[in-house]
């Protein structure tokens with residue numbers, strides 16, 4: 005057994021996050037960890053790592069267990085990517101440094117070249133014996149799979165935030181770990197990178213627990229799903245789709261048992277009342293004893309909890325009247341990013357009611373295409389024409405609030421002047437009671453998306469443009485958005501890497517590949 009958690013209790017400010025939580029992780033297990041945002045998935049990882057303490061219970065780890073994990077605070081380094089990764093292997097790195105020293109000496113005409121060549125050859129053999137060349141090949145393969153092949157010699161300080169996280173993912177994948185703790189590993193990966201990671205995890209002999217809101221990814225890489233629900237862990241065999249089916253069956257059974265028990269409790273209470281009434285009317289002690297017997301029986305009942313139904317956190321779209329039939333007409337368009345050509349000589353049409361996903365590798369120009377349609381940047385070549393009577397609603401990838409210091413209630417009153425109605429609307433988006441006094445800048449990523457959608461849906465729109473709409477959202481929130489989109493009669497254009505979301509909501513694609521944009525049904 006790699007990890008054993010037995011009756012763990014964890015409190016925050018006196019409020020229990022977990023109670024009597026028990027879990028085991030065996031060799032080569034492939035586990036998915038799911039639950040609504042805020043249920044404690046990342047905290048559970050931190051407990052396993054020893055970064056968070058526990059109030060009760062016991063945590064046991066196999067002696068010498070090596071855990072791979074991407075720290076929340078990334079290590080600072082000015083090394084090139086490849087050198088940064090190779091330094092994790094201290095023996096290999098030490099030999100490699102010696103090899104570099106001898107390579108420099110070989111250029112010095114005053115040195116004994118024969119002696120240097122002999123020593124250099126011995127070091128090369130040692131390097132090969134400890135797996136140096138194998139590690140280099142593995143590293144190169146992992147970097148390629150994660151879309152970092154061209155950054156092997158790039159300084160870490162010159163990478164974007166997403167690229168930096170991918171480097172850390174590469175680091176834990178190449179290290180000799182027994183257990184991987186993967187917290188949203190598909191963030192910052194394009195579809196090709198996600199599929200590469202899926203194949204890696206299917207083949208690895210390492211055990212892992214993965215937190216992910218990517219349902220297609222969980223389907224591919226898990227053999228057991230553990231859900232955090234009401235401070236407890238509920239385990240389900242199989243992948244995500246199997247979990248959904250089993251959870252539905254469990255919830256139906258819980259609901260049925262809860263209803264039956266509640267009926268039985270009411271029946272026993274009526275009996276207690278009746279026996280006491282009879283005892284009072286006839287002054288008969290036997291009736292009081294019978295009532296006491298039933299009371300004790302009632303006290304010993306193990307109460308069945310009703311299934312937890314996630315609160316509906318989003319209301320609906322206020323839709324505009326219909327747009328014209330032609331929504332977007334692109335004619336021979338081309339665009340550069342700096343000196344890089346993204347696409348050229350590309351034409352396509354978007355018609356009223358269509359649902360299109362923009363797909364392509366990272367850096368291919370997906371978000372740029374959205375900005376061109378919105379008129380935020382100028383075209384280099386060609387023409388984009390927008391149709392008549394369009395009312396556009398846009399959810400950008402990076403949310404910017406004009407007044408982030410505002411309280412939520414003040415923010416919403418920009419559209420809804422009546423305070424009572426503003427509070428009701430906030431509640432429909434999952435912001436209750438004291439939540440409305442939070443500042444916008446203090447919200448989590450998922451909460452900010454919800455608030456942005458609230459503002460977006462106050463306008464009557466008929467063309468909805470979404471740039472990575474499911475980022476930062478838990479599975480339940482994603483499913484709510486999907487239900488909303490089903491009822492939206494307008495046109496939808498979106499960039500998304502969420503394959504579940506893509507397959508459920510879109511009937512066509514704008515594929516950006518080989519520097520062309522092609523519409524595919």
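In our numbering, the protein residues as written are 5 to 525.
Every residue, glycine too, gets a C-beta built ideally from N, C-alpha and C.
- When DSSP states are grouped into helix, strand and coil, residue 27 belongs to the strand group.
- DSSP, read as helix, strand or coil, puts residue 222 in helix.
- Judged by DSSP secondary structure, residue 17 falls outside any beta strand (DSSP E); it is assigned neither H nor E.
- In terms of Cβ geometry, residue 258 and residue 311 form a close pair [threshold 8 Å].
- In this structure, the alpha-carbon of residue 131 lies about 30 Å from that of residue 75.
- The alpha-carbon separation between residue 398 and residue 66 amounts to approximately 50 Å.
- Per DSSP, the beta bridge partners of residue 524 are 513.
- In the DSSP secondary-structure assignment, residue 359 is bridged to 496.
- Excluding its 5 nearest sequence neighbours in each direction, residue 307 has C-beta neighbours in its own chain below 8 Å: 265, listed in chain order.
- In the structure shown, residue 382 adopts coil according to DSSP, grouped into three states.
- Taking a cut-off of 8 Å for Cβ pairs, the segment 342–360 and the segment 505–517 touch, as three or more such pairs fall below it.
- In summary, residue 51 is buried, with 16 or more beta-carbon neighbours lying within 10 Å of its beta-carbon over all protein chains present.
- The alpha-carbon separation between residue 453 and residue 35 amounts to approximately 28 Å.
- Going by C-alpha positions, residue 396 is about 17 Å away from residue 491.
- If you keep only unbroken alpha helix (DSSP H) runs of at least 4 residues inside the segment 54–140, you get 85–90, 94–109 and 117–133.
- Counting only the Cα atoms, residue 448 lies some 17 Å from residue 416.
- Judged by their CB atoms, residue 339 and residue 372 are nearer to each other than the 8 Å cut-off.
- Runs of the alpha helix (DSSP H) spanning 4 or more residues and lying entirely within the segment 397–427 occur at 412–416, in chain order.
- Take the alpha-carbon of residue 267 and the one of residue 274: they are about 11 Å apart.
- Judged by DSSP in its simplified three-state form, residue 480 adopts helix.
- In this model, residue 241 and residue 187 are separated by some 21 Å (Cα to Cα).
- With respect to the 8 Å criterion, residue 368 and residue 346 are classified as neighbours on the basis of their beta carbons.
- If you keep only unbroken alpha helix (DSSP H) runs of at least 4 residues inside the segment 280–355, you get 289–303.
- Counted as a single uninterrupted DSSP element, the alpha helix (DSSP H) harbouring residue 452 occupies residues 449–462.
- Pairing residue 225 with residue 239 gives a Cβ-Cβ distance that is not under 8 Å.
- With respect to the 8 Å criterion, residue 200 and residue 149 are classified as neighbours on the basis of their beta carbons.
- In the structure shown, residue 431 falls within a helical segment according to DSSP collapsed to helix, strand and coil.
- Counted as a single uninterrupted DSSP element, the stretch harbouring residue 165 is not any beta strand (DSSP E) but the alpha helix (DSSP H) occupying residues 165–178.
- Taking the Cα positions, residue 143 is about 10 Å away from residue 156.
- Membership of residue 196 in the alpha helix (DSSP H) is indicated by the continuous run 195–207.
- Rounded to the nearest angstrom, the gap between the Cα atoms of residue 123 and residue 104 is 12 Å.
- Taking all protein chains in view, the Cβ of residue 151 is crowded by 16 or more other Cβ atoms within 10 Å, so the residue is classified as buried.
- The three-state secondary structure of residue 467, taken from DSSP, is strand.
- Looking only at 521, 370, 477 and 288, the smallest Cα-Cα distance to residue 499 is reached by 370.
- Distance between residue 408 and residue 438, taken at the CA atoms: about 18 Å.
- Non-local C-beta neighbours of residue 11 in its own chain, meaning closer than 8 Å and more than five positions away in sequence, comprise 24, 25, 26, 60, 61 and 62, ordered along the chain.
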